[in-house]
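**Student:** Residue 1358 in the working numbering sits at position 250 of the sequence shown; the count goes up by one each step and never skips.
Glycine residues also receive a C-beta, built at the ideal position from the N, C-alpha and C atoms.
To start, I am sharing the structure in question, which I have written as structure tokens.
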Amino acid sequence: MELNDKNIKKIKEIILFTAILVICLWKYDVVLEILVFIMHVLWPFIIGGGIAFVLNVPMNFIQRHLFPEDKVEKSKTLKKLARPVSMILVLVSMIGVVVIVMFILIPQLGNTFANLGNSIQAFIPQVQESADKLFHDNKEIMTWINNLQFDWNKIMDVSFRFFKNGAGNVVDSTITAAKSIVSGLTTFFIAFVFSIYILLQKEKLGIQAKKVLFAFVRRGRAEAAVEVLSLTYNTFSSFLTGQCVEAIILGSMFVVSMSILKLPYALLVGIVIAFTALIPIFGAFIGCALGAFLIFMVDPMKALIFIVLFLALQQIEGNFIYPHVVGNSVGLPSIWVLAAVSIGASLMGIMGMLIFIPIVSVVYALFREIVYLKLKQKQIDPKELEEME
């Protein structure tokens, strides 16, 4: 190897990288503590970036339709007002949705739990009567069933003692709980303010980030990074938009159909299914289980009707609505969607199920481009491979 300036620079980089790697492996506990501290400091800003990304999708939609580019370019006043007005409308809309859902959901939940106690009290004698006809020859089963009791006061007392004694292991004192609440509110406030700043200055921040990237990274790699980031943003925003629209449509279908069939808790179950449907593939089934349980406490036959209704609407949603609303938004085959949901759930729970589909979609798109590029370099036509048996 010729020891010119270029090779000497590469040798220095290898030596520096090796030294850093050895130190990290030798003092891994210290490195982990430093990483945890850095993550703790950056966590509000990471959350703020996530909030800004989510709010940016509806904000762009409002700004694009209320303030068209041709009109904005002609008026300086509209140019200054377009971004703040769009952002305020998004925030007002979000707060309005939360308030409306709370005013509808909380009273409905209160009535549901109040009626649930009465339903269980009335349901247990029915179970005992039915079991008496089926298991009258089995004394052990009949003794256990006849001892079934539902005492709401006793349940509340047990719950209170659990939170008083058992929960003490989780939350040692009221002061600790108060500190956690204050810390969470502080983190959310910092994240929210940071997200507002990002939304108001996103073009400027984007230009600054590109300048830093092109200043320290080779031009080809910098352009590739910008392309990957653009693909990631488009995939995530399309998936988020499609998933929200699909959840609203599915929830509305349940509210209307359950109201027509006169099933109980139509509005509550519709809202629950709309929220759980945000979780790909498995979310709606969680809402179905909750809805079936609530309706079962009122009328088991209506619970069966609800399950049949759910299966029918799920087929309509899966075959007609989802492919058109969400299907092409991420460009990912169904088998990889299932794999992404499974991996995301095992690694990060519900949040992983939400974010892993667009992540896998981005990786899938990049890998597909690499494969087609390699085939082109080898002068192989992909269509010929598709026709091979």
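Where does R1476 fall in DSSP's three states?
**Tutor:** Looking at R1476 - three-state DSSP - the assignment turns out to be helix.
**Student:** Please report the residue range of the alpha helix (DSSP H) in which D1137 lies.
**Tutor:** Residues 1136–1174.
**Student:** I'd like the ranges of any alpha helix (DSSP H) spanning at least 4 consecutive residues and lying wholly in the region 1389–1427.
**Tutor:** Those alpha helix (DSSP H) runs which fall completely within the region 1389–1427 and span 4+ residues are 1391–1406, 1408–1424.
**Student:** Around the Cβ of I1443, are there at least 16 other Cβ atoms within 10 angstroms (buried) or fewer (exposed)?
**Tutor:** Counting Cβ neighbours within 10 Å, I1443 comes out exposed, since fewer than 16 surround it.
**Student:** When we look at the beta-carbon of V1278 and count the other beta-carbons within 10 Å, is it buried (16 or more) or exposed?
**Tutor:** Annotation note: pLDDT 47 at V1278 (below 50); position unreliable, coordinate value reported separately. The residue is exposed, with fewer than 16 neighbouring Cβ atoms inside 10 Å.
**Student:** Rounded to the nearest angstrom, what separates H1148 and M1459 at their Cα positions?
**Tutor:** The straight-line gap from Cα to Cα measures roughly 19 Å.
**Student:** Put Y1341 into one of helix, strand or coil per three-state DSSP.
**Tutor:** Looking at Y1341 - three-state DSSP - the assignment turns out to be helix.
**Student:** Classify S1360 as helix, strand or coil using the three-state DSSP reduction.
**Tutor:** Looking at S1360 - three-state DSSP - the assignment turns out to be helix.
**Student:** Cα separation between R1327 and A1317?
**Tutor:** The alpha-carbon atoms of R1327 and A1317 are separated by roughly 14 Å.
**Student:** Does the beta-carbon of A1275 have 16 or more other beta-carbons within 10 angstroms, so that it is buried, or is it exposed?
**Tutor:** Low local confidence applies: a pLDDT of 49 at A1275 is under 50, so the model's placement there is unreliable, with the coordinate-based value given in what follows. Answer is exposed; the Cβ neighbour count stays below 16.
**Student:** First and last residue of the alpha helix (DSSP H) that includes I1379?
**Tutor:** First-last of the alpha helix (DSSP H) with I1379: 1374–1384.
**Student:** Less than 8 Å between the C-beta atoms of A1392 and Q1422, yes or no?
**Tutor:** Yes. Within cutoff.
**Student:** Hey, A1355 and A1332: beta-carbon distance below 8 Å or not?
**Tutor:** No, they are not a contact pair.
**Student:** Find out if the Cβ-Cβ distance for the pair G1156, A1299 is shorter than 8 Å.
**Tutor:** Result yes, Cβ atoms of G1156 and A1299 sit closer than 8 Å.
**Student:** So, with DSSP's three-state summary, where would you put V1325?
**Tutor:** V1325: coil per DSSP, three-state reduction.
**Student:** Pick from I1122, G1158, E1177: whose alpha carbon is nearest that of L1307?
**Tutor:** The candidate whose alpha carbon is nearest that of L1307 is G1158.
**Student:** List the endpoints of the continuous alpha helix (DSSP H) containing K1179.
**Tutor:** Its alpha helix (DSSP H) spans residues 1177–1182.
**Student:** Grouping DSSP H, G and I as helix and E and B as strand, with all else coil, what is I1196?
**Tutor:** In the structure shown, I1196 sits in a helix (DSSP, three-state: H, G or I).
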